[in-house]
Amino acid sequence: MNRTGMKKTIGFFIPFYFMFFFIPSSVFSHALELIPQRLVLEGRERSTTLMLINRSSEPVRYRIENTLVRQTITGANERVTDPSAEEEAILNMVRFSPRQVSIGANDVQTVRIMARKPAGLPAGEYRSHLLITNIPPQTKVEETEDIAVKIDIVVSTSIPMIIRHGETSVSLKAEKPLVQPRPDGGGLLTTRIIADGNRSVFMDALLYHGKELLTASRGFAIYQPNGMRDVSFTLTNQLPPAGSSLRLVLHDREKEGEPVLKEIPLVLNY
């Protein structure tokens, strides 16, 4: 737009927020790698570190916040905007530094994290999430007679920060599966996995028919206090006959060797 005798400089800053919770850093950004992608302190452990690795050839900046997240029955994680007093207390247990980082090309930044447990803390698991958000580079909008539009893409990811205190335990079970057959002979099997206890669980779920591995769902968590999650399995081959017995084998991703947490029989009805 050009008007004689008038000079305008108009900059529109339009941020788009894409919140990706509990996903691999490769999905968050090809340039940034997070190690580890889950932070857990238990027993006498009081501190840990998070490494942010810039794999790109350009410097980058990130802001780090401590946030609260609630998990839905579908496994979606939603940021808490109305925390209770108990949830606010969880945020106060976590101290970390720095809160904003500038990382050079192919360089590493370490974030130091400490847990401060209040006296009289009941046994259980206390969870917040470190939200890591890129800070777009500042660019100068030059004076012009036209309208200038600047679009900043702001992308965030978060990783769980878990503090376990005292005795914690969890037991697992699964509800009757729901099967949606497809015309090609495959289908979608969904079961609700219930985690009873005072801690979360991070696991793989493998579905077997006899000794044959049909499909798997890997690297998912069930958090308290919701304690349940619907997990779906895509069956690409011919479905076993109705009435067949399947085995749902749950493996612990937190422990070395990923030991079996629970094996649950499922009957296929459709």
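Per the UniProt record's numbering, the very first residue in the sequence shown carries number 1; after that it's consecutive. Built from N, CA and C at the ideal position, the CB exists for glycine as well.
Unbroken beta strand (DSSP E) run spanning residue i, endpoints
i: residue 193; result: 187 to 197
i: residue 264; result: 260 to 267
i: residue 130; result: 124 to 134
i: residue 39; result: 39 to 41
i: residue 71; result: 69 to 71
i: residue 227; result: Per DSSP, residue 227 belongs to no beta strand (DSSP E) and is neither H nor E.
Expected contact under 8 Å - CB spacing of residue i and residue j to nearest Å
i: residue 97; j: residue 131; result: Actually they do not touch by this definition, with Cβ atoms about 16 Å apart.
i: residue 165; j: residue 121; result: 5 Å
i: residue 159; j: residue 39; result: 6 Å
i: residue 52; j: residue 111; result: 7 Å
i: residue 62; j: residue 153; result: With a Cβ gap of about 14 Å, residue 62 and residue 153 do not count as contacting.
i: residue 68; j: residue 163; result: That pair is no contact at about 13 Å.
i: residue 195; j: residue 205; result: With 8 Å as the limit, residue 195 and residue 205 do not qualify as a contact, their Cβ atoms being about 12 Å apart.
i: residue 177; j: residue 235; result: Not really, about 11 Å apart at Cβ, beyond 8 Å.
i: residue 254; j: residue 202; result: 5 Å
i: residue 123; j: residue 198; result: 7 Å
i: residue 128; j: residue 94; result: 6 Å
i: residue 56; j: residue 119; result: In fact, because the Cβ distance is near 45 Å, the residues do not count as touching under 8 Å.
i: residue 54; j: residue 107; result: 5 Å
i: residue 274; j: residue 161; result: Any answer about residue 274 is impossible in this case: the structure gives the chain only from 1 up to 270.
Strand pairing of residue i, partner residues [DSSP]
i: residue 173; result: 194
i: residue 252; result: 203
i: residue 80; result: Its beta-bridge partners do not exist; DSSP assigns none.
i: residue 33; result: 53
i: residue 48; result: 113
i: residue 180; result: 188
i: residue 62; result: 101, 134
i: residue 215; result: 207
i: residue 245; result: 267
i: residue 234; result: 188
beta-carbon residue i near the ligand COA non-hydrogen atom, thresh 8 Å
i: residue 200; result: By its list of ligands, the structure shown contains no ligand whatsoever, and the ligand COA lies outside what it can speak to.
*Stretch pair the region 80 to 94 + the region 42 to 50: three plus CB contacts closer than 8 Å*: At 8 Å Cβ cutoff, the stretches do not touch.
*Any chance you could list the beta strand (DSSP E) runs of at least 3 consecutive residues sitting entirely within the region 79 to 124, in chain order?*
94 to 97, 100 to 103, 108 to 115
_Validate contact between the region 63 to 73 and the region 217 to 230 using beta carbons, cut 8 Å, 3 pairs_ = yes
*When the Cβ atoms of the region 169 to 177 are set against those of the region 99 to 112, are three or more pairs found closer than 8 Å?*
Result no; under three Cβ-Cβ pairs closer than 8 Å.
*asked:* Contact between the region 240 to 260 and the region 191 to 207 is defined here as three or more beta-carbon pairs at a separation below 8 Å; is this criterion met?
replied: yes
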